[in-house]
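Student:
Residue numbers (the working numbering): 1 to 353.
1) Going along the chain, which residues of its own chain have a beta-carbon closer than 7 Å to the beta-carbon of residue 63, five neighbours each way excluded?
2) Please classify residue 19 as buried or exposed, where buried requires at least 16 neighbouring CB atoms within 10 angstroms.
3) Relative to the C-alpha of residue 25, which candidate in 49, 14, 13 has its C-alpha closest?
4) Tell me the DSSP bridge mates of residue 48?
5) Distance, Cα to Cα, residue 139 vs residue 113?
6) Helix, strand or coil for residue 22? Go by DSSP, reduced to three states.
7) I need the DSSP call for residue 138, collapsed to helix, strand or coil.
8) Since residue 354 is in the beta strand (DSSP E), which residue starts that stretch and which ends it?
9) Can you list the beta strand (DSSP E) stretches of 3 or more residues lying completely in the stretch 236-303, in chain order?
10) To which residues of the same chain is residue 99 closer than 7 Å at the C-beta, ignoring the five residues directly before and after it?
11) Beta-carbon within less than 7 Å of residue 43's beta-carbon, same chain only, minus the 5 sequence neighbours each way: which residues are those?
12) In whole angstroms, what separates the C-alpha of residue 276 from that of residue 287?
13) If residue 180 sits next to residue 221, beta carbons under 8 Å apart, how far is it from one beta carbon to the other, in whole angstroms?
14) Given residue 67, which residues of its chain have a CB within under 7 Å of its CB, disregarding the five upstream and five downstream residues?
15) Would residue 311 be called buried (16 or more neighbouring beta carbons within 10 Å of its own) or exposed?
16) Please go through the same chain and pick out, in chain order, the residues whose beta-carbon is closer than 6 Å to the beta-carbon of residue 103, but skip the five residues on each side of it.
17) Expressed to the nearest angstrom, what Euclidean distance is found between the alpha-carbon atoms of residue 151 and residue 86?
18) Helix, strand or coil for residue 3, going by three-state DSSP, please let me know.
19) Can you find the residues in the same chain that come closer than 6 Å, C-beta to C-beta, to residue 153, ignoring five residues on each side of it along the sequence?
20) Considering only the alpha carbon of each residue, which of 267, 30, 303, 133 lies closest to residue 115?
21) So residue 177 and residue 231 are supposed to be a Cβ contact under 8 Å. How far apart are they, rounded?
22) Would you mind reading off the limits of the alpha helix (DSSP H) that contains residue 161?
23) Measuring alpha carbon to alpha carbon, tell me which of 261, 273, 285, 16 ends up nearest residue 293.
24) With burial defined as no fewer than 16 other Cβ atoms inside 10 Å of the residue's Cβ, what is the status of residue 225: buried or exposed?
25) What does the alpha-carbon distance come out to for the pair residue 257 and residue 247?
26) Kindly indicate which residue of 266, 271, 279 has the alpha-carbon position closest to the one of residue 305.
27) Report the residue from 234, 233, 302 whose alpha carbon sits nearest the alpha carbon of residue 263.
28) Considering residue 108, what are the terminal residues of the beta strand (DSSP E) in which it resides?
29) Return the residue from the list 295, 189, 58, 290 that minimises the CA-CA distance to residue 251.
30) So the candidates are 30, 70, 174; which of them puts its Cα closest to the Cα of residue 2?
31) Would you kindly work out how many angstroms separate the C-alpha atoms of residue 217 and residue 296, rounded to a whole number?
32) Let me make sure I understand the geometry here. Which of 7, 169, 47, 13 has the alpha-carbon closest to that of residue 408?
33) Quick test of your reading: residue 215 and residue 184, contact by CB under 8 Å. State the CB separation rounded to the nearest angstrom.
The following block contains the structure:
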């Protein structure tokens, strides 16, 4: 049999899926919908028996890859059927709480992703843009040892909640540290935990060793943890630990790397680009740029914007000095105008006596 293309594969799966399922699915509704998530869009197959609110979904794009790699169609169908028959977590069986904002807001958390690569999704959801990064709000539906199930708060859901974006983000920022707690550690400690033999006792004691000044910021799940850098107070806490301004390297959507501000931004950016192109899954790439936190101004921005702002600020004293000179000259002229008529009047009066 000739290999099917993706559209043919999708139609065939939809047509025959019930043949691979038990009798309890014979009257179930089969549907294929496009799902947009941060970093990916795919076709989702669900087979939902009557009266069931939530059902497991099979990623057809992923299963088609298995088929293209040579896995027989029957075996692919058996795998899809296994997914469809997975039992939904208890919390997902009754999803009505998701539509009650008073309950749903307790499960809110934020994610950060690349704004450009997620533009289609962002047109449909509330978001905040930070240079080329974008923050979105999500609801944790279920968390367990195998991962997390969540849903994005899109425009339709926001409208149903009857709140505005300002309220949504205020609540998400408050709840994020509870739902997805921040995790911070030095690079040296992380390496030591992963490869104890690679870190000597001298390194652990040497405060000048680069790994002791580099930090990893994520959440306790180490998934979508880059957003933790935007939690309330986190940037100031990092600044206090490092003793001033710092630079953020967007390692991935799962974590970021923090280094003290020592300039050399172009080399740091070049390193990030190289790592993204060779080591990071495209779906998890956050940005090719690096970012600066100004501890005094409490301002987070891309390093190129920081350099431009700093250059403009450095010009300010000279402009201020020139302006002061002009004001001083003007004041002298005004004073001369005030005093000159008085003298003239005095002289005239003396002559008249």
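For each residue, glycine too, the CB sits at the ideal point set by N, CA and C.
Tutor: Working from what's here:
1) Residue 63 sits at position 63 when you count from the first residue of the chain shown. Excluding residues within five positions, the ones whose Cβ falls inside 7 Å are 76, 79, 80.
2) Residue numbering aside, residue 19 sits at position 19 when the chain shown is read from its first letter. Exposed: under 16 other Cβ atoms inside 10 Å.
3) Reading the chain shown from its first residue, position 25 is the one you call residue 25. That would be 49, whose Cα lies nearest to the Cα of residue 25.
4) Counted from its first residue, the chain shown places residue 48 at position 48. Answer is 29, bridged to residue 48.
5) For the purposes of this step, residue 139 is taken as the residue at position 139 of the chain shown. For the purposes of this step, residue 113 is taken as the residue at position 113 of the chain shown. Those two C-alpha atoms are separated by around 16 Å.
6) As a position in the chain shown, residue 22 is number 22, starting the count at 1. Look at residue 22 here: in three-state DSSP terms it is coil, with no helix or strand label.
7) Residue numbering aside, residue 138 sits at position 138 when the chain shown is read from its first letter. In the three-state reduction of the DSSP assignment, residue 138 falls in the strand class.
8) This structure leaves residue 354 out entirely; the chain is present only between 1 and 353.
9) Runs of the beta strand (DSSP E) inside the stretch 236-303: 246-249, 256-260, 291-294, 299-302.
10) The residue given as residue 99 occupies position 99 in the chain shown. Excluding sequence neighbours, residue 99 sits near 160.
11) Here residue 43 is taken as the residue at index 43 of the chain shown, counted from 1. The beta carbon of residue 43 sits closer than 7 Å to those of 10, 32, 34, 60, 61, all from its chain and outside the five residues before and after it, given in chain order.
12) Residue 276 sits at position 276 when you count from the first residue of the chain shown. Residue 287 sits at position 287 when you count from the first residue of the chain shown. Spanning the two alpha carbons is a distance of roughly 8 Å.
13) Taking the chain shown and counting its residues from 1, one reaches residue 180 at position 180. Taking the chain shown and counting its residues from 1, one reaches residue 221 at position 221. For residue 180 against residue 221, the beta-carbon gap comes to about 6 Å, under 8 Å, which counts as contact.
14) Residue mapping note: residue 67 aligns to position 67 of the chain shown, counting from 1. Counting only residues of its own chain and dropping the five nearest sequence neighbours on each side, residue 67 has a CB closer than 7 Å to the CB of 9, 73, 76.
15) On the chain shown, residue 311 is found 311 positions in, with the first residue counted as 1. Flag for residue 311 reads exposed.
16) Along the chain shown, read from residue 1 onward, the residue named residue 103 stands at position 103. Shown here for residue 103: same chain residues with a beta carbon closer than 6 Å to its own, the five before and five after excluded, namely 97 in chain order.
17) Against the chain shown, residue 151 aligns to sequence position 151. Against the chain shown, residue 86 aligns to sequence position 86. Residue 151 and residue 86: Cα-Cα distance of roughly 19 Å.
18) Translated into the one-based positions of the chain shown, residue 3 becomes position 3. Residue 3 falls in the coil class under three-state DSSP.
19) Here residue 153 corresponds to residue number 153 of the chain shown, with the count starting at 1. The residues are 137.
20) Here the question's residue 115 lines up with position 115 in the chain shown. With distances taken between Cα atoms, residue 115 lies closest to 133.
21) Here residue 177 refers to the residue found at position 177 when the chain shown is read from its first residue. Here residue 231 refers to the residue found at position 231 when the chain shown is read from its first residue. Residue 231 and residue 177 do touch by the CB rule: their CB atoms are close to 5 Å apart, below 8 Å.
22) Here residue 161 refers to the residue found at position 161 when the chain shown is read from its first residue. Here the alpha helix (DSSP H) through residue 161 covers 155-161.
23) Reading the chain shown from its first residue, position 293 is the one you call residue 293. Proximity to residue 293 across 261, 273, 285, 16 peaks at 261, based on C-alpha coordinates.
24) The count along the chain shown starts at 1 and reaches residue 225 at position 225. The residue is buried, with at least 16 neighbouring Cβ atoms inside 10 Å.
25) The residue labelled residue 257 in the question sits at position 257 within the chain shown. The residue labelled residue 247 in the question sits at position 247 within the chain shown. Rounded to whole angstroms, residue 257 to residue 247 spans 8 Å at the Cα level.
26) Here residue 305 corresponds to residue number 305 of the chain shown, with the count starting at 1. For the residues 266, 271, 279, the minimum Cα distance to residue 305 belongs to 266.
27) Within the chain shown, the letter at position 263 stands for residue 263. It is 302.
28) Indexing the chain shown from 1 puts residue 108 at position 108. Per DSSP, residue 108 belongs to the beta strand (DSSP E) from 108-114.
29) For the purposes of this step, residue 251 is taken as residue 251 along the chain shown, with counting starting at 1. That would be 290, whose Cα lies nearest to the Cα of residue 251.
30) Taking the chain shown and counting its residues from 1, the one referred to as residue 2 is at position 2. If we check each option's Cα against that of residue 2, 70 comes out closest.
31) For this step, residue 217 is matched to residue 217 along the chain shown. For this step, residue 296 is matched to residue 296 along the chain shown. The alpha-carbon atoms of residue 217 and residue 296 are separated by roughly 21 Å.
32) There is simply no residue 408 to check, as the chain begins at 1 and stops at 353 in what is shown.
33) Taking the chain shown and counting its residues from 1, the one referred to as residue 215 is at position 215. Taking the chain shown and counting its residues from 1, the one referred to as residue 184 is at position 184. Residue 215 to residue 184, Cβ: 6 Å. Contact.
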